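A.B. asks: Starting off with a structure, shown below.
2 protein chains.
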Amino acid sequence: MQDLFDYFEQFQKLTEVEKNAISSTCKIIEVKKHEILEPIQSTSKNLYFLKSGVVRIFYYKDENEVTEYFALAGDLVTRIKSLLTQQPSSKAIQVLENGALVSINAHKFFQLFDTYPNIERLYRLLLESAYLALVERIESIQFYSAKERYATLLNDNQLIQKVPLKHIASYLGITQVSLSRIRATFQTNSDTK
Amino acid sequence: MQDLFDYFEQFQKLTEVEKNAISSTCKIIEVKKHEILEPIQSTSKNLYFLKSGVVRIFYYKDENEVTEYFALAGDLVTRIKSLLTQQPSSKAIQVLENGALVSINAHKFFQLFDTYPNIERLYRLLLESAYLALVERIESIQFYSAKERYATLLNDNQLIQKVPLKHIASYLGITQVSLSRIRATFQTNSDTK
DNA sequence: CTATTTCTTTAACAAATGATAAATAATGGA
DNA sequence: TCCATTATTTATCATTTGTTAAAGAAATAG
Numbered sequence: 001m002q003d004l005f006d007y008f009e010q011f012q013k014l015t016e017v018e019k020n021a022i023s024s025t026c027k028i029i030e031v032k033k034h035e036i037l038e039p040i041q042s043t044s045k046n047l048y049f050l051k052s053g054v055v056r057i058f059y060y061k062d063e064n065e066v067t068e069y070f071a072l073a074g075d076l077v078t079r080i081k082s083l084l085t086q087q088p089s090s091k092a093i094q095v096l097e098n099g100a101l102v103s104i105n106a107h108k109f110f111q112l113f114d115t116y117p118n119i120e121r122l123y124r125l126l127l128e129s130a131y132l133a134l135v136e137r138i139e140s141i142q143f144y145s146a147k148e149r150y151a152t153l154l155n156d157n158q159l160i161q162k163v164p165l166k167h168i169a170s171y172l173g174i175t176q177v178s179l180s181r182i183r184a185t186f187q188t189n190s191d192t193k
Numbered sequence: 001m002q003d004l005f006d007y008f009e010q011f012q013k014l015t016e017v018e019k020n021a022i023s024s025t026c027k028i029i030e031v032k033k034h035e036i037l038e039p040i041q042s043t044s045k046n047l048y049f050l051k052s053g054v055v056r057i058f059y060y061k062d063e064n065e066v067t068e069y070f071a072l073a074g075d076l077v078t079r080i081k082s083l084l085t086q087q088p089s090s091k092a093i094q095v096l097e098n099g100a101l102v103s104i105n106a107h108k109f110f111q112l113f114d115t116y117p118n119i120e121r122l123y124r125l126l127l128e129s130a131y132l133a134l135v136e137r138i139e140s141i142q143f144y145s146a147k148e149r150y151a152t153l154l155n156d157n158q159l160i161q162k163v164p165l166k167h168i169a170s171y172l173g174i175t176q177v178s179l180s181r182i183r184a185t186f187q188t189n190s191d192t193k
């Protein structure tokens with residue numbers, strides 16, 4: 001669990017008591033490639049912290065899978081809307097590479113807030129950080145071409161090596177064919193446009 | 001200030017003491033059409049709650065204005081990245097229709113968190129709500145055509161009547177010419193696709 | 001190791017959007 | 001009210017992305 005606390009403490013310093021309280025809401029689970037960690041239509045009960053491996057969140061739009069989010073080691077993974085509303089989710093969490101994650105019982109974790117304001121603060125800071133990341137993602141989606149977004153992914157991420165390109169395509173909001181075309185232009189001409 | 005508290009109490013019930021504490025961080029200001037409330041390159045010090053009028057957040061991408069967000073009465077307005085990082089913002093807040101807003105001093109407001117965990121909770125719940133709205137916006141941007149998004153704006157919003165179409169176009173991530181074309185198809189044929 | 005399935009690329013054509021220019025329409029200030 | 005400015009639409013052509021189909025490459029199960 002140390003890696004989880006290292007991550008948390010980038011946001012908020014925690015006492016041993018607080019860490020123990022958090023530990024009591026967590027368990028470590030191993031996951032295997034292709035496994036559906038949380039299926040579509042289930043109601044989310046957990047937050048996950050990815051220790052190793054790769055997972056994604058995806059959903060269907062008109063028969064087609066759309067990947068909404070990729071997580072690598074050190075990332076948090078949640079179907080947050082379902083978690084907060086306790087409604088069934090239209091999204092699923094799937095494992096793309098074998099790994100291990102910390103599963104945090106959200107109900108128990110949220111209950112800690114009344115006793116430990118510092119844990120609520122940690123959570124608040126995590127949310128702020130996630131919020132900022134989303135704002136940047138919106139700018140990237142809305143105001144950059146697919147080619148520019150792919151170029152950014154190439155720089156930012158080890159993702160390209162680890163996940164099927166069809167998932168990358170839907171994550172970028174384009175078809176796989178279109179992504180192939182874009183990739184082809186990167187072979188010869190390494191502009192970004 | 002009552003409308004602000006009505007809004008807040010949808011998220012978290014507040015005591016009189018807490019409301020007074022919040023009031024001490026606020027002032028009401030009147031704003032006029034075209035006024036730049038916070039210019040580009042300034043560092044954001046305030047959160048705003050719009051009592052009346054219309055404002056937008058915009059920035060420049062390659063000489064072109066891009067509208068990121070519209071706020072109507074009852075909405076919160078923040079350049080959140082700058083507010084949280086205290087770095088100069090690449091974005092500006094501009095008034096589109098005369099109105100009034102509650103300006104909340106962020107530094108003072110955040111300081112209340114140590115004394116009033118309930119106010120931090122309120123803020124946390126506001127963040128959660130804003131986060132969910134962003135997730136939905138991403139889905140809307142990434143997986144619906146400009147035409148579908150415009151149709152949604154038509155239904156959801158009084159915005160269309162109140163703000164110049166060029167701002168709507170950049171908000172939708174398309175050119176004004178393209179929006180004009182889309183609007184033309186709505187005259188004859190009221191499909192959405 | 002081979003066969004089958006899945007993934008990725010390529011091609012050809014269609015549809016949507018962008019860029020530029022010009023024509024109308026609407027708005028705001030003197 | 002009239003003029004000047006700004007906003008919106010229309011037209012034309014270029015570019016990007018989508019769709020469908022098929023071929024080639026890679027991964028996986030038996």
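In order, the protein sequences belong to chains B and L.
FYI, our numbering numbers position 136 of the first sequence as 136, with every residue one higher than the one before it.
FYI, our numbering numbers position 123 of the second sequence as 123, with every residue one higher than the one before it.
For each residue, glycine too, the CB sits at the ideal point set by N, CA and C.
It should be emphasised that the depicted structure is a prediction, and the values quoted were computed from it without experimental measurement.
Report all residues from its chain with a CB closer than 6 angstroms to the CB of T25 of chain B; omit the five preceding and five following residues, and keep chain order.
C.D. replies: Against the first sequence, residue 25 of chain B aligns to sequence position 25. Correct list, in chain order: I104, N105, K108 and F109.
A.B. asks: DSSP on I160 of chain B, reduced to helix/strand/coil?
C.D. replies: Locating residue 160 of chain B in the first sequence gives position 160, counting from the first residue. In this structure, I160 of chain B counts as helix in the three-state DSSP scheme.
A.B. asks: Closest to V55 of chain B by C-alpha separation, out of B:K147, B:Q87, B:V163 and B:I28, would be which residue?
C.D. replies: To locate residue 55 of chain B, count along the first sequence from 1; it is residue 55. Per the Cα distances, B:V163.
A.B. asks: Using a Cβ-Cβ distance under 7 angstroms, would Y131 of chain B count as near chain L?
C.D. replies: Residue 131 of chain B sits at position 131 when you count from the first residue of the first sequence. True, the Cβ-Cβ gap to chain L drops below 7 angstroms.
A.B. asks: State yes or no: is the beta carbon of L50 of chain B nearer than 7 angstroms to at least one beta carbon in chain L?
C.D. replies: Residue numbering aside, residue 50 of chain B sits at position 50 when the first sequence is read from its first letter. Not an interface residue.
A.B. asks: V102 of chain B: which of B:D75, B:T67, B:K147 and B:L172 sits nearest, CA to CA?
C.D. replies: Here residue 102 of chain B is taken as the residue at index 102 of the first sequence, counted from 1. Of the candidates B:D75, B:T67, B:K147 and B:L172, the one whose C-alpha sits nearest the C-alpha of V102 of chain B is B:D75.
A.B. asks: For a cutoff of 7 angstroms on Cβ pairs, would you count K108 of chain L as touching chain B?
C.D. replies: Within the second sequence, the letter at position 108 stands for residue 108 of chain L. For K108 of chain L, the answer is no, since every Cβ of chain B falls outside 7 angstroms of its Cβ.
A.B. asks: Since Y48 of chain B and T78 of chain B should fall inside the 8 angstroms C-beta cutoff, what is the C-beta to C-beta distance between them, to a whole number of angstroms?
C.D. replies: Your numbering for residue 48 of chain B matches position 48 in the first sequence. Your numbering for residue 78 of chain B matches position 78 in the first sequence. Contact flag correct, Cβ pair sits at about 7 angstroms.
A.B. asks: Taking only three categories from DSSP, how would you classify L72 of chain L?
C.D. replies: Along the second sequence, one-based indexing puts residue 72 of chain L at 72. Three-state result, L72 of chain L: coil.
A.B. asks: Verify whether the separation of the beta carbon atoms of L122 of chain B and F5 of chain B is less than 7 angstroms.
C.D. replies: Mapped onto the first sequence, residue 122 of chain B falls at position 122. Mapped onto the first sequence, residue 5 of chain B falls at position 5. Going by C-beta atoms, L122 of chain B is not nearer than 7 angstroms to F5 of chain B.
A.B. asks: Please return the same chain residues whose Cβ sits closer than 7 angstroms to the Cβ of Y116 of chain L, not counting the five positions on each side in sequence.
C.D. replies: Position 116 of the second sequence holds residue 116 of chain L. Closer than 7 angstroms at the Cβ level, and outside the excluded window around Y116 of chain L, lie E18 and A21.
A.B. asks: Examine the Cβ distances between the segment 60 to 72 of chain L and the segment 170 to 177 of chain L and report whether three or more of them are shorter than 8 angstroms.
C.D. replies: Touching, yes, given that three or more Cβ pairs across the two stretches are closer than 8 angstroms.
A.B. asks: Runs of 4 residues minimum, wholly inside the segment 7 to 47 of chain L: which ones carry the alpha helix (DSSP H) assignment?
C.D. replies: Runs of the alpha helix (DSSP H) inside the segment 7 to 47 of chain L: 16 to 23.
A.B. asks: Would you please verify whether the beta carbon of R56 of chain L is less than 7 angstroms from any beta carbon of chain B?
C.D. replies: Counted from its first residue, the second sequence places residue 56 of chain L at position 56. So no, R56 of chain L is outside the interface.
A.B. asks: So if I threshold CB-CB distances at 8 angstroms, which residues from the segment 160 to 176 of chain B count as touching chain L?
C.D. replies: Answer in chain order: G173.
A.B. asks: Cβ atoms of I57 of chain L and K91 of chain L: under 7 angstroms apart, would you say?
C.D. replies: Within the second sequence, residue 91 of chain L is the residue found at index 91, counting from 1. Within the second sequence, residue 57 of chain L is the residue found at index 57, counting from 1. Contact: yes.
A.B. asks: For Q94 of chain L, report the span of its beta strand (DSSP E) as first-last.
C.D. replies: The residue labelled residue 94 of chain L in the question sits at position 94 within the second sequence. Counting along the chain, the beta strand (DSSP E) containing Q94 of chain L begins and ends at K91 to N105.
A.B. asks: Are the CB atoms of I36 of chain L and Q87 of chain L nearer to each other than 7 angstroms?
C.D. replies: One-based indexing of the second sequence puts residue 36 of chain L at position 36. One-based indexing of the second sequence puts residue 87 of chain L at position 87. No, these two residues do not count as a Cβ contact at 7 angstroms.
A.B. asks: Can you pull the DSSP bridge partners for F58 of chain L?
C.D. replies: Position 58 of the second sequence holds residue 58 of chain L. DSSP output for F58 of chain L lists L:T67 and L:A92 as bridge partner(s).
A.B. asks: Assign T15 of chain L to buried or exposed, taking buried as 16 or more other Cβ atoms, counted over all protein chains shown, within 10 Å of its Cβ.
C.D. replies: As a first step, residue 15 of chain L must be located in the second sequence, where it is residue number 15. By the 10 Å Cβ count, T15 of chain L comes out exposed.
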